[in-house]
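Position one of the sequence shown corresponds to residue -8 (the numbering used here), numbered consecutively onward. Here a beta-carbon is modelled for each residue, glycine too, at the ideal position from N, C-alpha and C. The structure displayed is predicted, hence computed values, not measured ones. To keep things clear, I will list the structure first and then write my remarks on it.
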Amino acid sequence: MPNLATPKNEHPKRPILCGTDFSEPATQAANVAAAFAQRLGAPLLLVHGVDERGDIPSLYWPGLIEELRPRLGAEAERLRLLGAKVEETLADGVPDDGVAKCAEQADARLIVLGSSGLGSVGRWILGSVSERIAEAAWVPTLVLRESARIGDWARGGAPLRVFVGADFTPVSDAALTWAAELREIGPCEFTVGYVDRLADERAEQALHSPPNTPRAPEMQEMLSYDLRQKAAGFFSKEHLAVQVLPATGPVEVRLLELVAEARADLIVIGTHQWHGRSRLRHASVSRRVLHTAPVSVACVPAHRVVSVKSAPLPQVGRLLVATDLSTHGSQAVPHAFSLLPAGGAVRLVHVAEPGQAQEPLLARLRELIPAEAARHGLHADVKVIAHRHAAEAICDAAERFEADVICIGSHGQTGLAATLMGSVAQAVVSRSTRPVLVVPMQPA
């Protein structure tokens, strides 16, 4: 491993790692990586992954590796002449594993790679080393397909048009956070896009609705509003556009339609980092975007592997409580407020039939907010959601609100939500990606 030590009293900068196979795309990627490193004041680590697979006997490998050193050294010297502080290393084993492990050992801030240059069909069939690294690395990885545009931006050119594929999950938060950090290199214009899959891709709703059933207009407006609120936490409003596309079919196809509409230079997307059998079980939007996108793609892993013992205790700061506005169903409300520390936020929601008047329902929700909530520094707001399927509406609302916990009563007696602990609460528990607290009916 190269020595990337910094002088005393100087805060160490995490290196930018560039993987190279000495091809033309790799050379262009190295130029971009050097520009990034200079703008960030960070060292550049140039890595060539040696592929030790094949028919060559292992005894010949040391000599072959030594023959590669002058070539790697010459490329490193070329980048030094561009102004970058460069260290070079040869990573043995399999190229994708070697580069990814090197990045983790060096605590690299970013991996920069050139694309294989294959067309989208060729990439789909064969894949490429750069794509395998992007899928496997625990470090954000930029696969360049339009190096000139991004290189010009990194050297002080026009603002970069960045498209962030988003939803309402922590994976999306990782992508948004990383995209916001691009402003340390140069000015950016951001578009945050979300593909809202319709009834034929929502198992529960598909049982009750015909294919291609659109969302109600108020639900579509709510999605756009919540996405804009989420994105505003990362980007300034004057450099931000938000797009929500209601669509059926493959998410990556619709996502790339939004990318084309935004005329983006770069796509940023979060990854789950599924491995082994898990990768086979879970369809990966990020993997398919990486295969088919005509522009550069940055894959940002949602998190590193954290052991149970070292995992931090979860904090509850945002809580969504669902009620059917009955006496029993509303007993969950005070329990929800009791869970939060000062500064916490509660959203009270009620699922109503489409077309039902909302103002009276909003007024009843406001009446449920405990009088002492403000005194304890708790923030509360209320929403009525017009939807025919309460469990789906509650789970979607929790994702948009980024609730740490969903709180729900165990029994209701009025209207659509009269079955709150019958089928609906069970459906919320089974489908929610967030913890659910079910409050049983209290005796009179």
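Opening and closing residue of the beta strand (DSSP E) in which residue i lies
i, result
"Glu243", "Premise fails: Glu243 lies in the alpha helix (DSSP H), 242 to 253, not in any beta strand (DSSP E)."
"Ala238", "231 to 238"
"Glu137", "No beta strand (DSSP E) contains Glu137, which DSSP labels as neither H nor E."
"Arg152", "151 to 156"
"Ala293", "Run containing Ala293: none; DSSP gives neither H nor E here."
"Gly261", "257 to 262"
"Val427", "427 to 430"
"Val38", "35 to 40"
"Ile7", "7 to 10"
Beta-carbon spacing of residue i, residue j below 9 angstroms
i, j, result
"Phe225", "Ala171", "yes"
"Leu35", "Ala25", "yes"
"Ala323", "Gly400", "yes"
"Glu243", "Thr182", "no"
"Leu63", "Thr11", "yes"
"Phe159", "Leu218", "yes"
"Gly335", "Leu311", "no"
"Tyr185", "Leu247", "no"
"Asp395", "Val307", "yes"
"Thr132", "Cys290", "yes"
"Ala28", "Ala75", "yes"
"Ala156", "Ala166", "Correcting the residue identity first, residue 156 is Gly in this sequence and not Ala. A contact, by the Cβ cut-off of 9 angstroms."
"Arg422", "Cys398", "no"
"Ala364", "Ala371", "yes"
"Val375", "Val427", "no"
Between the CA atoms of residue j and residue i - distance to the nearest angstrom
i, j, result
"Ala125", "Leu352", "48 angstroms"
"Glu78", "Val286", "29 angstroms"
"Val419", "Ala388", "11 angstroms"
"Val23", "Ala149", "15 angstroms"
"Thr239", "Ala223", "27 angstroms"
"Gly108", "Tyr216", "Residue placement at Gly108 is poorly supported in this model, since its pLDDT is 47, which falls under 50; the coordinates still yield a value, given next. Distance between the alpha carbons of Gly108 and Tyr216: 39 angstroms."
"Pro332", "His39", "51 angstroms"
"Glu66", "Leu59", "11 angstroms"
"Ser106", "Arg136", "6 angstroms"
"Gly147", "Glu180", "14 angstroms"
"Val415", "Ala377", "15 angstroms"
"Arg338", "Gly177", "37 angstroms"
"Pro345", "Leu31", "52 angstroms"
"Glu95", "Leu214", "37 angstroms"
"Ala82", "Val90", "7 angstroms"
"Ala348", "Ile360", "21 angstroms"
"Pro241", "Arg279", "10 angstroms"
"Ala17", "Cys9", "8 angstroms"
"Thr168", "Leu281", "19 angstroms"
"Glu229", "Glu57", "53 angstroms"
"Gln417", "Glu393", "21 angstroms"
"Ala382", "Lys92", "43 angstroms"
"Glu277", "Val134", "Residue 277 is actually Ser in this sequence, not Glu. Answer to the nearest angstrom: the Cα atoms are 12 angstroms apart."
"Glu68", "Thr80", "13 angstroms"
"Ala128", "Asp98", "12 angstroms"
"Leu231", "Ala253", "11 angstroms"
"Val299", "Pro161", "Here the model assigns Val299 a pLDDT of 40, short of 50, so the residue's position is not dependable and the matter cannot be decided."
"Pro431", "Asp88", "51 angstroms"
"Arg188", "Pro61", "52 angstroms"
Start-to-end residues for the alpha helix (DSSP H) that takes in residue i
i, result
"Thr18", "15 to 31"
"Lys221", "208 to 223"
"Asp395", "Where Asp395 is concerned, there is no enclosing alpha helix (DSSP H), given that its DSSP letter is neither H nor E."
"Asp164", "161 to 172"
"Glu126", "120 to 127"
"Ala418", "416 to 422"
"Ser106", "Careful: Ser106 lies outside any alpha helix (DSSP H) and carries neither H nor E."
"Arg188", "Element bounds for Arg188: not the alpha helix (DSSP H) but the beta strand (DSSP E), 179 to 188."
"Ser277", "276 to 283"
Any C-beta of chain B under 9 angstroms from that of residue i
i, result
"Gly400", "The structure shown contains no chain B, having only a single protein chain."
Count the C-beta pairs between the segment 85 to 105 and the segment 242 to 259 that are closer than 8 angstroms, then say yes if the count reaches three, no if not. no
Counting pairs of Cβ atoms below 8 angstroms between the segment 309 to 321 and the segment 349 to 364, do you hit three or more? yes
Contiguous beta strand (DSSP E) assignments of at least 3 residues, all confined to the segment 304 to 378: 309 to 313, 336 to 343, 370 to 377
4 or more residues per run - each alpha helix (DSSP H) lying fully within the segment 65 to 96: 86 to 96
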